[in-house]
Amino acid sequence: MLTRRHIRIKVLQSLYGFSQGEENDLSLYLKELDKSLNRIYELYLFELRIFVEILRMAEERIEKNRKKFRPTEFDLNPNLKFVNNRVLKALAQNAPLQRKFEDHKVHWGDHMEILQKIFVEFRESEIFERYMESGESSLKEDKQVLKIFYAEFITKNETLHQLYEDMSMHWADDLDAAQMFVVKTIKSLQEVNGFVYSKLSIPEGREVKTLNDLPGGYDLNAAKLTVDLYKDDDDASFGKLLLRYTVNEAADNEKLISGKTKNWDTDRIASIDILLMKMALSELVHFDQIPVKVTLNEYIDLSKEYSTPKSGQFINGILDKLVLQLKDENRIVKVGRGLM
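Under the UniProt record's numbering, think of the first position of the sequence shown as 1, with each following residue one higher.
Written out as structure tokens, the structure reads:
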């Protein structure tokens, strides 16, 4: 699931586009925000499809070797441990996942040579050799080798990173979220009576001891294996609401900021800093279950990443003053989790 931080980054990008563009139709930017957030999920699917393609390559290699004019004993009776990896089989056979690939047009066809190179490097590694010769057979080991494969051969692959940037200008910012989704997907897989399922599909608090404890039967091909884009409805609506509030209240929030920056040359204040403070003010006022400290820390951190080295200190000072003012005016009122 996306964190609020990822959503805030997407809202910031949308606001920057809104402030720089000639088009001032908020509805268009809300649609673009939604599309941008869903593109993170698409990137996640591209990363997941790598596992499916690697399995297919391994299977094709075995078949090709078996059909040699003079196959060796090993060609005829190969070690099938990798092609029987429980995680790979679960992903490759999962019908809902295959439908997601098709719905989002997730295909590696034009760039398969990148995956071929990755597969060869992995196959020739000590990691692969130790796995194939361990003598063990467990879901735990299957998950572990794929987590190592993913960490060493996928997440650090600069060729893949460059390809993603070419495919979408914002995917460089999205990659950490998509990779987090992949790791969570692998970690979530469990086994009962030889059947692999995702604990993400199990209602909270339910204990799975037999196949009968699984919801909707135990059809591997129909089980949900992927993570959701959002944790809940609140997160799903958070980005759109924040964007809408920030745009609609831009003028009022700018006046608030100007009142606390009278000793500053406004032309020298970074435009990103202004946007971040406007976002923070709208979030402080309208999202009563987000603690003040959480909001302040989030925007200070974002300023360090997306603005100047001194922006964090500057934004912290201005927002601290504005929080006191808005609390005195009873415009910041927190409830529930927001009181923490």
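Just so you know, even glycine gets a beta-carbon here, dropped at the ideal spot from N, CA and C.
Counted within 10 angstroms of its Cβ, other Cβ atoms place residue i as buried (16 or more) or exposed
i, result
"residue 339", "exposed"
"residue 252", "exposed"
"residue 70", "exposed"
"residue 238", "buried"
"residue 14", "buried"
"residue 298", "buried"
"residue 335", "exposed"
"residue 198", "buried"
"residue 8", "buried"
"residue 106", "buried"
"residue 167", "exposed"
"residue 333", "exposed"
"residue 115", "buried"
Cβ-based neighbour list, residue i, same chain, cut-off 8 Å, excluding 5 preceding and 5 following
i, result
"residue 165", "171 and 172"
"residue 240", "30, 33 and 34"
"residue 59", "83"
"residue 247", "15, 18, 26 and 29"
Span of the beta strand (DSSP E), counted from its first residue to its last, around residue i
i, result
"residue 198", "195-198"
"residue 191", "189-192"
For residue i, the nearest candidate out of the options (CA to CA)
i, options, result
"residue 1", "147, 236, 58 and 209", "236"
"residue 37", "308, 230 and 250", "230"
"residue 110", "46, 76, 12 and 154", "46"
"residue 263", "167, 26, 327 and 314", "314"
"residue 345", "178, 49 and 333", "In the structure as shown, the chain starts at 1 and stops at 340, and residue 345 therefore has no counterpart that could be examined."
"residue 157", "179, 145 and 169", "179"
"residue 304", "316, 77 and 293", "316"
"residue 271", "290, 294 and 308", "308"
"residue 182", "147, 203, 209 and 300", "147"
Start and end residues, alpha helix (DSSP H) containing residue i
i, result
"residue 253", "250-259"
"residue 286", "271-286"
"residue 297", "292-306"
"residue 203", "Note, residue 203: premise wrong, no alpha helix (DSSP H); not H, not E."
"residue 169", "Where residue 169 is concerned, there is no enclosing alpha helix (DSSP H), given that its DSSP letter is neither H nor E."
"residue 132", "126-132"
"residue 16", "4-20"
"residue 289", "Element bounds for residue 289: n/a, residue is neither H nor E."
"residue 332", "Element bounds for residue 332: n/a, residue is neither H nor E."
"residue 49", "26-66"
"residue 328", "311-328"
"residue 95", "95-103"
"residue 123", "112-123"
"residue 69", "Note, residue 69: premise wrong, no alpha helix (DSSP H); not H, not E."
8 Å Cβ cutoff met for residue i and residue j
i, j, result
"residue 256", "residue 322", "yes"
"residue 143", "residue 189", "yes"
"residue 245", "residue 12", "no"
"residue 154", "residue 163", "no"
"residue 97", "residue 88", "no"
"residue 206", "residue 139", "no"
"residue 82", "residue 132", "yes"
"residue 326", "residue 284", "yes"
"residue 100", "residue 185", "no"
"residue 280", "residue 243", "no"
"residue 187", "residue 201", "no"
"residue 289", "residue 331", "no"
"residue 254", "residue 293", "no"
Cβ-based neighbour list, residue i, same chain, cut-off 6 Å, excluding 5 preceding and 5 following
i, result
"residue 174", "40 and 43"
"residue 286", "245"
Spatial neighbours of residue i in its chain, beta-carbon cut-off 7 Å, leaving aside the 5 residues before and after
i, result
"residue 119", "54 and 57"
"residue 211", "192, 193, 195 and 218"
"residue 122", "128, 149 and 153"
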